[in-house]
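Peer 1:
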Amino acid sequence: MNWNDCIERTHTHSVKWSAAPDEIIPMCIADMDFQVAPEILEAMKKKAEHGIYGYTTFCDRYYRSIIGWWKRRFDMDIDKEWISFSPGIIPGINLLLQLLTKPGDHVIVQEPVYYPFYSTIDNHQCNIVQNSLIYKNGTYEMDFSDLEKKASDPKAKVMILCSPHNPVGRVWTEDELSRVAEICLKHDVWIISDEMHGDLVYKGNRHYPLFSVHPEIKNRAILCAAPSKTFNVAGLQTSIIMIPNKELREKYQQKLFQYGLMRPNAFGVEGTIAAYESSEYWLEELLVYLEDNLQYVLDYFQTHIPEIIPIQPEATHLIWLDCSKLGMSGEQLFQYFLKEAKIKFDEGYKFGDSGQAFLRMNIACPRERLEIAVKRIQGCVIKVK
Ligand SMILES: Cc1ncc(COP(=O)(O)O)c(C=O)c1O
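Basically this note's numbering = 1-based index in the sequence shown + 880.
1) Could you give the DSSP three-state label for Ala-1106: helix, strand or coil?
2) Taking its Cβ as the centre, do 16 or more other Cβ atoms sit within 10 Å of Glu-1278, making it buried, or is it exposed?
3) How far does the beta strand (DSSP E) with Asn-1173 in it reach, from first residue to last?
4) Please report how far the alpha carbon of Val-1038 lies from the alpha carbon of Ile-1072, in whole angstroms.
5) Would you report the Cα separation of Gln-835 and Ile-1199, rounded to the nearest angstrom?
6) If distances are taken between C-alpha atoms only, which option among Tyr-1139, Lys-1109 and Gln-1236 comes closest to Asn-1242?
7) Give me the Cα-Cα distance between Val-1093 and Arg-1129, rounded to the nearest whole angstrom.
8) Helix, strand or coil: which one does DSSP assign to Asn-1242?
9) Between Leu-1167 and Gly-984, what straight-line distance do the alpha-carbon atoms span, to the nearest angstrom?
10) Which first and last residues belong to the alpha helix (DSSP H) in which Trp-1070 is found?
11) Find the nearest neighbour of Glu-1021 within the set Ile-1001, Cys-1006 and Thr-1053, judged by alpha-carbon distance.
12) Per DSSP, which residues does Ser-964 bridge with? Please list them.
13) Tell me whether Tyr-1020 sits in a helix, a strand or coil according to DSSP, three-state version.
14) Is Cys-1042 close to ligand 1? I mean its beta-carbon at under 7 Å from any heavy atom of the ligand.
15) Taking just the CA atoms, how far does Pro-918 sit from Gln-1182?
16) Whole-angstrom Cβ separation of Met-1122 and Ile-1102, contact assumed at under 8 Å?
17) What did DSSP end up calling Asp-955 once you bin it into helix, strand or coil?
18) Just reading off the beta strand (DSSP E) that Leu-1198 is part of, what are its end residues?
19) Taking only the alpha-carbon atoms, compute the straight-line gap between Lys-1222 and Arg-1249 and give it to the nearest angstrom.
20) How would you call Val-895, buried or exposed, if buried means at least 16 neighbouring beta carbons within 10 angstroms?
21) Hey, could you find the ends of the beta strand (DSSP E) Gln-1010 is sitting in?
22) Identify which residue in Val-1254, Pro-996, Val-1048 and Gly-1084 has its Cα closest to the Cα of Pro-906.
23) Sorted by chain position, which residues of the same chain lie with C-beta nearer than 6 Å to Glu-903's C-beta, five sequence neighbours on each side aside?
24) DSSP three-state call for Asp-1226: helix, strand or coil?
25) From what residue to what residue does the beta strand (DSSP E) around Met-1039 run?
26) For ligand 1, is there any heavy atom lying closer than 7 Å to the beta carbon of Ile-969?
27) Compare the Cα-Cα distances from Lys-1230 to each of Arg-1247, Cys-1245 and Gln-1212 and report the closest residue.
28) Closest to Cys-886 by CA distance: which of Val-1264, Lys-1263, Pro-1246 and Ile-1262 is it?
29) Taking only the alpha-carbon atoms, compute the straight-line gap between Asp-865 and Lys-925 and give it to the nearest angstrom.
30) Could you give the DSSP three-state label for Pro-1047: helix, strand or coil?
31) Does ligand 1 have a heavy atom nearer than 7 Å to the CB of Asn-1046?
32) Along the alpha helix (DSSP H) that carries Val-987, what are the first and last residues, could you check?
33) Beta-carbon separation of Ala-1155 and Ile-920 under 8 Å?
34) By the three-class DSSP mapping on this structure, what secondary structure does Tyr-933 have?
35) Tell me, to the nearest whole angstrom, how far the beta carbon of His-986 is from that of Lys-1035; I am working on the premise that it is less than 8 Å.
36) Does the distance between the C-beta of Met-1270 and the nearest non-hydrogen atom of ligand 1 fall short of 7 Å?
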């Protein structure tokens, strides 16, 4: 793979690049500017050349590819029956909240957090209950006593856990996850564990699937995952919703039927198989490239832009930037970089109240583009001084 190739993405209907008119570098939206593994590309070409894109179903090889991935990467055994489908994690969470809550119930999240979680809760007229993360010594921790308090409210029905965490980049330890599991089990709170970034973990860290940290949690939790982030195939819209609890799983499948969502995209099955069966080596190469990009950005900020403090992620291709020393916040901060640096970040305030003075930066791009971006950021931070 030539990770340094700057592949043109404008005029390809990319959400990220359509939102970036001339000259703007989009460092928003968590997809990558890298081409997929050759094995995935080949599978897509083969499917395209077949020329018939009728209704599609799942096959045994699809399930085996998923089961094999979890066994190899996380030493986790998955039963085929647990595996359900969703065109995306967010639609999956919406369907699950329909089944697990009624209006007025409490859903716990840990801000600053991936903000579409908030709409899923609003969509079901539930209350967003914040178990805010604690920002201390340049990193983030969970507040367990607050979680215990929030979970013990009889209205608390679900916690949406982001593991690894977007945007702060924490890979939760086995101990942290087992404490979350224990608290939620004690108070009968379901956990929807969004593990979409579980493969994008940097050296020295290990992702623990929630199901592996507590013997009883499987019956009270749902695990959401996908090849989308790992292999840059979000547009294939083929996500995995693992539901070991039989009763909930049957209800979930009825919901899929009710909304006509039970069938995958014609390219999704081939894409998933090619990713999980044959592209693991590509992921290893990607992680090396991303880690280099990450180190480059961290060094650059430290040496040339000390006014912005990047929170070092343990996972994800996203960096959470603490811009509080710039004296700007909210939309003003976002617009400043958009207009002055021509960089489009994700707005920090959308992730929660504590994100007001933050921006989220996507570093999954060729180094050349990253070098231009950090220079532009430096140039416009100098003007603030
Ligand atoms: C933690 C997390 N969950 C879910 C999603 C979106 O998932 P989907 O596009 O499958 O709905 C993202 C995308 O950035 C994400 O970061």
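Using N, Cα and C, we set each Cβ at its ideal position, and we do this for glycine too.
Peer 2: Well, looking at it:
1) Correct three-state label for Ala-1106: coil.
2) The question about residue 1278 has no answer, for the chain in this structure spans 881 to 1265.
3) Counting along the chain, Asn-1173 sits inside no beta strand (DSSP E); it lies in the alpha helix (DSSP H) bounded by residues 1160-1184.
4) Val-1038 and Ile-1072: Cα-Cα distance of roughly 7 Å.
5) Residue 835 falls outside the range modelled here, since the chain spans only 881 to 1265, and no answer is possible.
6) The shortest C-alpha separation from Asn-1242 is found at Lys-1109.
7) C-alpha separation (whole angstroms): 21 Å.
8) DSSP, read as helix, strand or coil, puts Asn-1242 in strand.
9) Taking the straight line from one Cα to the other gives about 42 Å.
10) It is not in any alpha helix (DSSP H) - Trp-1070 instead sits in the beta strand (DSSP E) that spans 1070-1074.
11) Nearest to Glu-1021 by alpha-carbon distance, out of Ile-1001, Cys-1006 and Thr-1053, is Thr-1053.
12) Per DSSP, Ile-1121.
13) Secondary structure of Tyr-1020 (DSSP, three-state): strand.
14) Relative to the non-hydrogen atoms of ligand 1, the Cβ of Cys-1042 comes within a distance shorter than 7 Å of at least one.
15) Each residue's Cα considered, the two are about 36 Å apart.
16) 7 Å between Cβ atoms; contact.
17) If DSSP states are grouped into helix, strand and coil, Asp-955 belongs with coil.
18) In the DSSP annotation of this structure, the continuous segment of the beta strand (DSSP E) that includes Leu-1198 starts and ends at 1198-1202.
19) If you take the alpha carbons of Lys-1222 and Arg-1249, they lie about 13 Å apart.
20) A residue is called buried when at least 16 other Cβ atoms come within 10 angstroms of its Cβ; Val-895 does not meet this threshold and is exposed.
21) Counting along the chain, the beta strand (DSSP E) containing Gln-1010 begins and ends at 1007-1010.
22) Taking only the C-alpha atoms, the option nearest Pro-906 is Val-1254.
23) Closer than 6 Å at Cβ, skipping near neighbours: Lys-1222.
24) Strand, per DSSP.
25) From DSSP, the beta strand (DSSP E) with Met-1039 extends over 1036-1042.
26) True, at least one ligand heavy atom lies under 7 Å from that Cβ.
27) If we check each option's Cα against that of Lys-1230, Gln-1212 comes out closest.
28) If we check each option's Cα against that of Cys-886, Pro-1246 comes out closest.
29) There is no way to answer for residue 865, as the model of the chain reaches only from 881 to 1265.
30) Correct three-state label for Pro-1047: coil.
31) Checking every heavy atom of ligand 1 against the Cβ of Asn-1046, one is found closer than 7 Å.
32) Unbroken run through Val-987 is the beta strand (DSSP E), 986-989; no alpha helix (DSSP H).
33) Closer than 8 Å, so yes.
34) Three-state DSSP puts Tyr-933 in coil, outside helix and strand.
35) Right, the Cβ-Cβ distance comes to about 4 Å (below 8 Å), so this counts as a contact.
36) The shown model of the chain, from 881 to 1265, leaves out residue 1270, and the question about it has no answer.
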